[in-house]
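Some notes on the structure that comes next.
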Amino acid sequence: MKTRMIGSQKVSEIGMGCMAFSHGYGAVPDEAYSVEAILRAHDVGCTFFDTAEIYGSQAFFYVGHNEELLGKATESFRKDVVLATKYMPKLEDAEGEGGLYGTIRARAEASMKRLRTDYIDLYYLHRVHKQISVEEVGQVMGRLEKEGLIRGWGLSQVDAVMLARAHAVTPVAAVQNLYNIMERDCEQDVIPYCLDHQIAVVPFSPVASGYLSGKVTVDTEYEKVDDVRNWVPQMSKENVAANQPILDVLGGFADKKGATKAQISIAWMLHKYPNIIPIPGSKNQERILENLGASNIVLTDEEFKALEAALDACEVHGHRGQVQFVG
Ligand SMILES: NC(=O)c1ccc[n+]([C@@H]2O[C@H](COP(=O)([O-])OP(=O)(O)OC[C@H]3O[C@@H](n4cnc5c(N)ncnc54)[C@H](OP(=O)(O)O)[C@@H]3O)[C@@H](O)[C@H]2O)c1
Numbered sequence: 002m003k004t005r006m007i008g009s010q011k012v013s014e015i016g017m018g019c020m021a022f023s024h025g026y027g028a029v030p031d032e033a034y035s036v037e038a039i040l041r042a043h044d045v046g047c048t049f050f051d052t053a054e055i056y057g058s059q060a061f062f063y064v065g066h067n068e069e070l071l072g073k074a075t076e077s078f079r080k081d082v083v084l085a086t087k088y089m090p091k092l093e094d095a096e097g098e099g100g101l102y103g104t105i106r107a108r109a110e111a112s113m114k115r116l117r118t119d120y121i122d123l124y125y126l127h128r129v130h131k132q133i134s135v136e137e138v139g140q141v142m143g144r145l146e147k148e149g150l151i152r153g154w155g156l157s158q159v160d161a162v163m164l165a166r167a168h169a170v171t172p173v174a175a176v177q178n179l180y181n182i183m184e185r186d187c188e189q190d191v192i193p194y195c196l197d198h199q200i201a202v203v204p205f206s207p208v209a210s211g212y213l214s215g216k217v218t219v220d221t222e223y224e225k226v227d228d229v230r231n232w233v234p235q236m237s238k239e240n241v242a243a244n245q246p247i248l249d250v251l252g253g254f255a256d257k258k259g260a261t262k263a264q265i266s267i268a269w270m271l272h273k274y275p276n277i278i279p280i281p282g283s284k285n286q287e288r289i290l291e292n293l294g295a296s297n298i299v300l301t302d303e304e305f306k307a308l309e310a311a312l313d314a315c316e317v318h319g320h321r322g323q324v325q326f327v328g
């Protein structure tokens, strides 16, 4: 697969979001299936895997389930892949032994143990805490980089002002924000800032929680337990119906390119910005391969312009709704 850079680290231009193997989209597959899914993704060239300490198993009720799964799957080719995980801050983190540095270091070490590795390629601040400044976290991340525990750091769900504050303390390698055809806030400030400062943008929910695949319909029943689509406004029955013109546009281009709607959605963002590295997530092996296959769908400049114009003519109904701060 073609590659892009996160700081000095080369990654496949499409990564793999592993969250749903542990939580967020209903019942989770069994471990063997999930591990096999990661191996199959790696077999087709995926070298960038995304997890977080808080992606815990609903069924077993513990944090770190997702990191354990990813560690188990990637152990035999660890050096060939880039593993990204995330630290979620809590108010008491600055009060523990060793202060904020001691806490973050201990949490990173716990993640590393679960990931079966002695370094983290990309360590994100999962959310900015209202009472812990990004400058303080940036200082800790800089220290962890110097110590060789992490190879780069990033932030998630931040605006350009917050990003600039963090970047001034320790250069940021990547920003992981919500971004897809229907959620374009990042285009205003965050992506331009990242382009100017050689920061990678890692869109989460790149196929809008599955909507842009066209496989969600007004008749789709989301799972009852732990399925974010129950509260995502964009996924309400009214908005699923109202956003149909967007799917019609994608469908037209998909037919022309011999691709799927999900692939066109991913190819669209890859064409639009050179620093974008999406991480679609799925619990289904075939869909994972479908999403990674978007790397083979190359839009010409003319096709991109036509697609963009057609999308611009569509109104977007509803949004995903994301927590920006914790604390
Ligand atoms: N930083 C953050 O705050 C944050 C927040 C959310 C997620 N993330 C990360 O970003 C990753 C991706 O986010 P996401 O899972 O919300 O993204 P997504 O890929 O936009 O949405 C996942 C949903 O879309 C469906 N889907 C994906 N590809 C499909 C396809 N080709 N055809 C039909 N349905 C498809 C999946 O269903 P099936 O499983 O049934 O295929 C699942 O319900 C996560 O795994 C996680 O690592 C980060």
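Position 168 of the sequence shown, counted from 1, bears residue number 169 in the numbering used here, the numbering being contiguous throughout. Glycine included, C-beta positions come from ideal geometry on N, C-alpha and C.
In the DSSP output, which residue or residues are listed as bridge partners for residue 157?
Residue 157 is bridged to 177.
Between residue 281 and ligand 1, is there a pair consisting of the residue's CB and a ligand heavy atom that are separated by less than 8 Å?
The answer is yes for residue 281.
Any heavy atom of ligand 1 closer than 8 Å to the Cβ of residue 291?
For ligand 1, at least one heavy atom lies less than 8 Å from the Cβ of residue 291.
Determine, using beta-carbon pairs with one atom in the segment 204 to 217 and one in the segment 174 to 182, whether at least three such pairs fall under 8 Å.
A contact exists between the segment 204 to 217 and the segment 174 to 182.
Need the endpoints of the alpha helix (DSSP H) that residue 23 sits in, please.
Taken as a continuous stretch (DSSP letters only), residue 23 belongs to no alpha helix (DSSP H), as it is neither H nor E.
State yes or no: is the C-beta of residue 180 nearer than 8 Å to some heavy atom of ligand 1?
It does not: the Cβ of residue 180 is nowhere closer than 8 Å to a heavy atom of ligand 1.
First and last residue of the alpha helix (DSSP H) that includes residue 88?
Counted as a single uninterrupted DSSP element, the stretch harbouring residue 88 is not any alpha helix (DSSP H) but the beta strand (DSSP E) occupying residues 83 to 88.
Among 115, 49, 203 and 109, which one has its Cα closest to the Cα of residue 149?
Comparing alpha-carbon positions, the option among 115, 49, 203 and 109 lying closest to residue 149 turns out to be 109.
Does the beta carbon of residue 49 fall short of 8 Å from some heavy atom of ligand 1?
For residue 49, the shortest C-beta to heavy atom distance toward ligand 1 is 8 Å or greater.
Between which two residues does the alpha helix (DSSP H) harbouring residue 256 extend?
Boundaries of the alpha helix (DSSP H) around residue 256: 245 to 258.
Ignore the nearest five residues each way along the sequence and tell me which others in residue 198's own chain have a CB closer than 7 Å to its CB.
Once the five neighbours on either side are set aside, the close Cβ partners of residue 198 are 168.
Are the beta-carbon atoms belonging to residue 255 and residue 264 less than 9 Å from one another?
Yes, Cβ-Cβ distance for residue 255 and residue 264 is below 9 Å.
Taking the beta carbon of residue 58 as the centre, do at least 16 other beta carbons fall within 10 Å, making it buried, or is it exposed?
By the Cβ neighbour-count rule, residue 58 is buried, with 16 or more other Cβ atoms within 10 Å of its own.
Can you tell me which of the three DSSP states residue 282 falls into?
DSSP places residue 282 within a strand segment (E or B) once states are collapsed to three.
Looking at the strands, I want to know which residues DSSP matches up with residue 6.
Paired residues: 11.
Continuous alpha helix (DSSP H) assignments of at least 4 residues falling wholly in the segment 186 to 254
191 to 197 and 238 to 243, all fully within the segment 186 to 254.
Does the count of Cβ pairs from the segment 15 to 24 and the segment 270 to 289 closer than 8 Å reach three?
Yes, the segment 15 to 24 is in contact with the segment 270 to 289.
Using the Cα positions of residue 129 and residue 120, report the straight-line distance between them to the nearest angstrom.
For residue 129 and residue 120, the distance between alpha carbons rounds to 23 Å.
Considering just the uninterrupted stretch of the alpha helix (DSSP H) at residue 34, what are its terminal residues?
From DSSP, the alpha helix (DSSP H) with residue 34 extends over 32 to 44.
In chain order, what are the residue ranges of uninterrupted beta strand (DSSP E) at least 3 long that sit wholly in the segment 83 to 132?
Taking only runs of at least 3 residues, the beta strand (DSSP E) segments lying wholly in the segment 83 to 132 are 83 to 88 and 123 to 126.
Where does the unbroken alpha helix (DSSP H) through residue 305 begin, and where does it stop?
Membership of residue 305 in the alpha helix (DSSP H) is indicated by the continuous run 302 to 313.
Is DSSP giving residue 289 helix, strand or coil here?
Residue state for residue 289 is assigned as helix, using DSSP reduced to three classes.
In the DSSP assignment, what residue or residues form a beta bridge with residue 277?
The partner list for residue 277 (beta bridge, DSSP) reads 202.
Residue from 160, 320 and 153 with nearest C-alpha to residue 8:
Minimum Cα distance to residue 8 is reached at 153.
Could you work out which residue in 86, 146, 207 and 288 is closest to residue 271 when comparing CA atoms only?
The option with the nearest alpha carbon to residue 271 is 207.
Flag residue 207 as yes when its Cβ comes closer than 8 Å to any non-hydrogen atom of ligand 1, and as no otherwise.
It does: the Cβ of residue 207 is within 8 Å (strictly closer) of some heavy atom of ligand 1.
Between which two residues does the alpha helix (DSSP H) containing residue 140 stretch?
For residue 140, the uninterrupted alpha helix (DSSP H) segment begins and ends at 135 to 147.
With a threshold of 6 Å on Cβ separation, who are the neighbours of residue 131 within its own chain once the five nearest residues in sequence on each side are excluded?
Same-chain partners within the cutoff: 326 and 328.
Consult DSSP for residue 182 and reduce its assignment to one of helix, strand or coil.
Coil, per DSSP.
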